[in-house]
Amino acid sequence: MPAYRVTYFNITGLGEPIRYMLTYNGVEFEDRRLSFEDWPKYKP
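Each step along the sequence shown adds one to the number in UniProt numbering, with nothing skipped, and position 42 is 42.
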């Protein structure tokens, strides 16, 4: 099980540099991409 989880919209936005950095450094992570329709379920 990955130690990190990136949860962000399925767009090129603020989460993308984090994904690039983790991938470039070979860090295993769970990539959870949300659609805008799913956002209300996760919104605090």
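Beta carbons are placed, not taken as given, at the ideal position from N, Cα and C, and that holds for glycine.
Check, Outcome
"Considering only C-alpha positions, which residue in the set 3, 9 and 5 is nearest to residue 39?", "9"
"At which residue ranges does the segment 11-43 contain complete alpha helix (DSSP H) runs of 4 or more residues, listed in the order of the chain?", "16-24 and 39-42"
"Please return the same chain residues whose Cβ sits closer than 8 angstroms to the Cβ of residue 4, not counting the five positions on each side in sequence.", "22, 27, 28, 29 and 30"
"Would you kindly work out how many angstroms separate the C-alpha atoms of residue 12 and residue 25, rounded to a whole number?", "19 angstroms"
"Apart from the five residues on each side of it in sequence, which residues of its chain come closer than 6 angstroms, Cβ to Cβ, to residue 18?", "6"
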